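To get the numbering used here, take the position in the sequence shown, counting from 1, and add 4.
Glycine included, C-beta positions come from ideal geometry on N, C-alpha and C.
All values derive from a computational prediction rather than experimental measurement.
See below for the structure under consideration.
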Amino acid sequence: MPVIALLHRLALASLALVLWSAPAAACTVTSPAASDFGSHSPNAIKAAAVPVVERFGGFYCAVSLLGGNVLTATISNANSFKLTSVGHPDGAFEVFPSKTSSSAMASGVAVNFLNPSVVDLAALLGGSAGNIPLFIKLSSAGLLTPGTYNGAFRVTWTWKFCSGVWVGSTCTLGTVDQGTAASDIAFTVTVAPKPVTVTMSGVTTWDPIAGTTFPKAIVGAKKRVTVVVSNPDIVPTDLNSVRVEIPSQAGTALALEGDGASIGAPIKFTDGTPSSTLAFSYTNAGDGADDVDFFADGTGWAYVPTPGDAVSQRLVKKVRLKPRGKLAPGSSFTVTLPYLVY
């Protein structure tokens with residue numbers, strides 16, 4: 005017998021011995037502990053902007069995914085896959101076989117997890133059935149009210165694996181592990197608003213003695229107050245909903261003539277990174293079409309202060325910013341205003 009043929013036979017015999025002697029690891033189905041999906045805003049859930057959540061689907065099997073094996077999952081739910089919270093409107097959720105699936109799993113319909121057009125388990129798990137994940141997407145028809153919501157469903161796994169090699173319908177050089185069992189999947193999600201945040205800070209820019217060289221906050225000094233408005237949510241705000249009221253601090257008055265250190269418009273807008281996507285303009289104190297209003301007792305938001313007139317500007321109790329558009333998710337903008345110390 006040629007040497008190459010002999011070596012080939014010996015290699016096949018060695019492989020057969022390994023496959024025959026390797027212990028078969030039984031497939032198991034368990035119900036994992038309930039998962040916490042974190043906190044999301046009503047707007048994010050309604051917009052279906054919450055990322056798909058990956059969770060262990062309850063099935064584990066340490067065998068290779070060879071041709072001829074069978075693995076299907078069938079989901080079911082007693083309340084039409086609703087997110088529920090006592091005293092609150094219902095949300096909903098869908099279950100997908102993979103993160104990139106365009107079609108959700110349907111109740112009572114078996115999904116073949118070994119069909120690569122449905123889910124590529126070999127790529128996902130590196131060639132072993134392993135811990136099979138499922139992917140859950142949250143949604144709602146309307147805005148959910150704040151609270152803790154619960155979701156649950158059952159997934160019934162059916163499998164048939166050969167620890168050796170399938171030859172036709174026969175498991176050769178190994179044993180068959182097959183069965184049907186159910187896993188109950190439960191999770192919670194906290195629904196809570198994520199409102200726009202506002203932070204304020206101030207710096208002295210000029211004083212009547214030192215000018216702009218290390219100015220102090222003495223009487224007659226000028227300050228510039230910085231207001232940063234941020235959207236911490238994963239969805240934009242509603243159209244034209246951002247309204248920020250800035251109160252005049254004790255001992256200071258609006259100074260529309262400027263801060264003594266900079267030129268240009270006294271009220272300045274700077275877009276954030278990423279862009280806020282908002283539009284904002286300030287023309288002058290008397291322009292009713294721009295995006296800044298002034299409030300004074302007795303006059304309300306119709307008050308028009310006179311730049312440079314200390315008495316007129318001291319009457320301003322609040323300044324209102326009214327940017328136009330939707331504040332983009334994860335973005336911010338900054339507005340600065342000058343004030344006089346008195």
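Quick check on residue i: buried or exposed, where buried means 16 or more other Cβ atoms within 10 Å of its Cβ?
{"i": "Val113", "result": "exposed"}
{"i": "Lys220", "result": "exposed"}
{"i": "Ala283", "result": "exposed"}
{"i": "Phe337", "result": "buried"}
{"i": "Asn73", "result": "buried"}
{"i": "Gln182", "result": "exposed"}
{"i": "Thr241", "result": "buried"}
{"i": "Ile271", "result": "buried"}
{"i": "Lys103", "result": "exposed"}
{"i": "Gly268", "result": "exposed"}
{"i": "Ser335", "result": "buried"}
{"i": "Asp263", "result": "buried"}
{"i": "Lys326", "result": "exposed"}
{"i": "Thr203", "result": "exposed"}
{"i": "Gln317", "result": "buried"}
{"i": "Thr184", "result": "exposed"}
{"i": "Gly312", "result": "exposed"}
{"i": "Phe218", "result": "exposed"}
Considering residue i, what are the terminal residues of the beta strand (DSSP E) in which it resides?
{"i": "Asn154", "result": "Gly151 to Cys166"}
{"i": "Gln182", "result": "Val180 to Val195"}
{"i": "Ala306", "result": "Gly304 to Tyr307"}
{"i": "Phe273", "result": "Lys272 to Asp275"}
{"i": "Glu261", "result": "Taken as a continuous stretch (DSSP letters only), Glu261 belongs to no beta strand (DSSP E), as it is neither H nor E."}
{"i": "Arg324", "result": "Lys322 to Leu325"}
{"i": "Phe351", "result": "In the structure displayed, the chain extends from 5 to 346; residue 351 sits before or after that span and is not available."}
{"i": "Val171", "result": "Val169 to Val171"}
{"i": "Thr174", "result": "Thr174 to Thr176"}
Where do the N-terminal and C-terminal ends of the alpha helix (DSSP H) with residue i fall, by residue?
{"i": "Pro342", "result": "Not the alpha helix (DSSP H): Pro342 falls in the beta strand (DSSP E), residues Ser336 to Val345."}
{"i": "Ile49", "result": "Pro46 to Lys50"}
{"i": "Arg318", "result": "Ala314 to Arg318"}
Since residue i contacts residue j with CB under 8 Å, what's their CB separation in whole angstroms?
{"i": "Val33", "j": "Ile140", "result": "Between Ile140 and Val33 the Cβ distance is about 18 Å, and since that is not below 8 Å, they are no contact."}
{"i": "Asp295", "j": "Tyr286", "result": "7 Å"}
{"i": "Phe191", "j": "Ala96", "result": "So it is not a contact: roughly 13 Å between Cβ atoms."}
{"i": "Val339", "j": "Phe273", "result": "5 Å"}
{"i": "Tyr153", "j": "Ser89", "result": "4 Å"}
{"i": "Glu98", "j": "Ala82", "result": "With a Cβ gap of about 16 Å, Glu98 and Ala82 do not count as contacting."}
Please check if any C-beta of chain B sits within less than 8 Å of the C-beta of residue i.
{"i": "Gly334", "result": "Within the model displayed, chain B is absent; a lone protein chain is all it includes."}
Give, in chain order, every unbroken run of the alpha helix (DSSP H) that is at least 4 residues long and sits entirely within the stretch 61-139. 125-129
I want to know whether the stretch 36-53 touches the stretch 190-202 - three or more CB-CB distances under 8 Å. yes
At least three beta-carbon pairs within less than 8 Å, the stretch 205-221 to the stretch 299-306: no
Contained beta strand (DSSP E) runs [length at least 3] in the stretch 197-255, N- to C-terminal order: 201-210, 226-234 and 248-251
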